[in-house]
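This is the structure in C-alpha cells:
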C-alpha cells in the first residue's frame, strides 16, 4: 500500500500496520463496539456506533484518512493482529512541518480490551520506523498529558526521550493543559 511513493504498510512479529480500507468496516466496528468501559481519565469512552454504516465508514474514515495522507497532513494506520485480523487500535503520524524541519507528531490508541499484551509498544515502535524510513521525518514528538502514566511509560519504552513540559499547550477538558514532550530523531 503506497501513497505517492510512500510505503504505508508494515508488519511486526504479531501486528500489521496499514491504512484502513473499505473492507475493514466489520473489524473496525467490532473493535469499537467491544471496548470495555473507560478504565481511566484518558481512556476514551465507547463510541456511539448508531448510524455508522459501511458507506459512512468508507466516506468519513477511509476516504478522509486517504485524503489526509495524499496531502501529507496525517497518516493513520490501523493496527491489526496477525493471528485473527482483529483491529486492536490505531497509530497516527501528523506532519507538523516539512521544509528544513521534517517534523511529525505521533498519536496512538489501543482498544482497552486488548491492553496488557504489548500491542501498544509493538505498534508505536513500528510506527516510528515508518515515520523515519518511509515518510522521511527527521523528528517525531509525542505530546502527553502530565498525568497520563500509561502513555508516558509507552513513550519511554520505545526509546523516546523526555524534552520538556509545555505549559498551557493544548485546549482540552475546557482549559489549557500542560503536556510533556517526548521525542525521537532519525538515526
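Residue numbers (full-length UniProt numbering): 1 to 187.
Beta carbons are placed, not taken as given, at the ideal position from N, Cα and C, and that holds for glycine.
It should be emphasised that the depicted structure is a prediction, and the values quoted were computed from it without experimental measurement.
Could you check the C-alpha separation between residue i and residue j for me, to the nearest Å?
i: residue 185; j: residue 148; result: 23 angstroms
i: residue 20; j: residue 77; result: 7 angstroms
i: residue 105; j: residue 159; result: 15 angstroms
i: residue 178; j: residue 11; result: 34 angstroms
i: residue 45; j: residue 17; result: 23 angstroms
i: residue 15; j: residue 150; result: 20 angstroms
Let me make sure I understand the geometry here. Which of the options has the alpha-carbon closest to that of residue i?
i: residue 93; options: 86, 65, 83 and 80; result: 65
i: residue 138; options: 146, 128, 84 and 107; result: 128
i: residue 108; options: 101, 43 and 171; result: 43
Enumerate in chain order the residues of its own chain whose CB-to-CB distance from residue i is below 7 angstroms, with the five nearest sequence positions on each side excluded.
i: residue 157; result: 121
i: residue 57; result: 25 and 28
i: residue 7; result: 134
Output needed for residue i: all residues of its chain with C-beta closer than 8 angstroms, excluding positions within five of it in sequence on either side, in chain order.
i: residue 30; result: 86 and 87
Starting from residue i and walking both ways along the alpha helix (DSSP H), at which residues does that stretch end?
i: residue 124; result: 119-129
For residue i, collect the residues of the same chain with a Cβ closer than 6 angstroms to its Cβ; drop the 5 residues on either side in sequence, then sort them by chain order.
i: residue 68; result: 74
i: residue 141; result: 105, 181 and 183
i: residue 167; result: 178
Quick check on the DSSP output: the beta strand (DSSP E) that includes residue i runs from which residue to which?
i: residue 166; result: 161-172
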